[in-house]
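Residues 0 to 95, numbered by numbering that gives the first Met the number 0, are exactly what the sequence shown covers, in order.
Glycine is no exception: its CB is placed at the ideal position from the N, C-alpha and C atoms.
For reference, the structure discussed in these notes is given below.
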Amino acid sequence: MRLLAALDALDRRLFHRLTREERQRVDAGLTRLSNAANRSVLWIALAALIAGATVPSHLFSPPVRQVVEYVEYILMALVIPFSAWAIGLLHYIRYH
0 MRLLAALDAL DRRLFHRLTR EERQRVDAGL TRLSNAANRS VLWIALAALI
50 AGATVPSHLF SPPVRQVVEY VEYILMALVI PFSAWAIGLL HYIRYH
C-alpha cells in the first residue's frame, strides 16, 4: 500500500512539474471560454423571456405555424449530432 502511495505522489509531482507552463496557457483560454459561455447563456435566457412574453399573445397564420413546426423538426434532428460534437464523440471516432 505504501508503494502505491509513493508512486502516486511521484506521479503527481512529475505531472505538475512537466505541465506547469501548459496548464497556465490552458487555464487562461478556459477562463475566456467560460466567460463567453456565461454571456451567451444570459442572452439566450433574455431571448427566451422576450419570446415567452410576446409569442402567446399573438395569433399566427397557418403557414407561419407550419414553418415553425418544420424548424422545430430540424432543430430536434440536430440535437444528437450537436451533443455528439459537444462531448467530442465525433473527434474521437474520426481519429481513433
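Here Gly51 carries a helix assignment [DSSP, helix/strand/coil].
Fully enclosed alpha helix (DSSP H) runs of no fewer than 4 residues occupy 61-85 of the stretch 29-91, in order along the chain.
Excluding residues up to 5 positions away in sequence, nothing lies with its Cβ nearer than 7 Å to the Cβ of Arg16 in the same chain.
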